Amino acid sequence: MNPAYFLSENIKKYEHFFGDVVVIDFESAANAYQSFTHYFLKSVGVEGEINDIRLNESRSDKAIDVISYINYNMPFNVASGYWKIRKYGDMKVFYSYSLPDDLKLKISKKIKNEVNWLCDNYGIDYRLMPVREISSKIFWGDVFYQQSITIFPALPLHLKIFFKSFVVDRIKSEVNSRDDGLLKTEFWIKNKYPLVYVCDNEFGFLLSRVFSRLQWLIGKIKKVLRLLIGR
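Under my numbering, residues 6 to 236 are what the sequence shown spells out, in order.
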């Protein structure tokens, strides 16, 4: 989809078929006291109380960084298939992920005409909307350390190795070299799991393939046992 016309072209299609179109801004819906669903239904004329559970589903900057590192070193797709050992997860603490400022600027220039069209036709004004400034540097800190030592023991061995490598890699960068959260996490892993600390990603990759095969074999054995017990 071309972002240069994604608003007007799509809304115009609905206008053509239905005549009357209701457009709501995300901020009002997300901040509505009753919940997003209730706000949306009320906007289109549906009344009634809806008891929704409000949850913050935004991903944290640290989770995005960890997931990206593991995705790069252990891809979800392997040999035209999927690794069954891969699961999506997220640590929902810390700041929400934010696009880099230079990318925000490119997007704002690209959709300038669409933003003006939305304001002129539906009164939703994003033209002067301030951009929330978030530092491109990730501050790991003590919360990351506490989260890490809680999660780390439950990780499979190959993910322990990848996570350790991630921490070491981030410490090597000039930006995070003195970050207390990363340094404490590395020190904890080095003392609690010395064998994991000395393993590299290649060994972790090999282990992940072995574990994947073992899971497949265990699944086959379970099926055979079910058939035998069923008889």
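Even glycine gets a Cβ: it sits at the ideal position worked out from N, Cα and C.
Please read all numbers here as calculations on a predicted model, not as lab measurements.
- For Ala35, the secondary structure class from DSSP, reduced to helix, strand or coil, is helix.
- Shown here, Gly128 sits in coil according to DSSP, grouped into three states, outside any helix or strand.
- A direct Cα-to-Cα measurement between Lys225 and Ile234 gives close to 14 Å.
- For Val71, the number of other beta carbons within 10 angstroms of its own is at least 16, and it is reported as buried.
- With respect to Gly209, Phe157 sits apart: the two C-beta atoms are not nearer than 7 Å.
- In the displayed model, Ile29 falls within coil according to three-state DSSP, outside both helix and strand.
- Annotation: the segment 176-208 contains no complete segment of the beta strand (DSSP E) (minimum length 3 residues).
- For Gly146, the uninterrupted alpha helix (DSSP H) run begins and ends at 146-156, by DSSP.
- Between Ser170 and Asn118, the C-beta spacing is not below 7 Å.
- When only Cα atoms are considered, Arg218 and Pro161 end up about 14 Å apart.
- Its Cα nearest to that of Val27, the residue Lys47 stands out among Lys47, Asn36, Ala35.
- Counting along the chain, Leu110 sits inside the alpha helix (DSSP H) bounded by residues 106-115.
- Note on geometry: alpha-carbon atoms of Phe149 and Leu212 lie some 26 Å from one another.
- Here DSSP, grouped into helix, strand and coil, assigns Leu160 to coil.
- The alpha carbon of Trp193 has as its nearest neighbour, out of Asn121, Asp147, Thr42, Ser13, the alpha carbon of Asp147.
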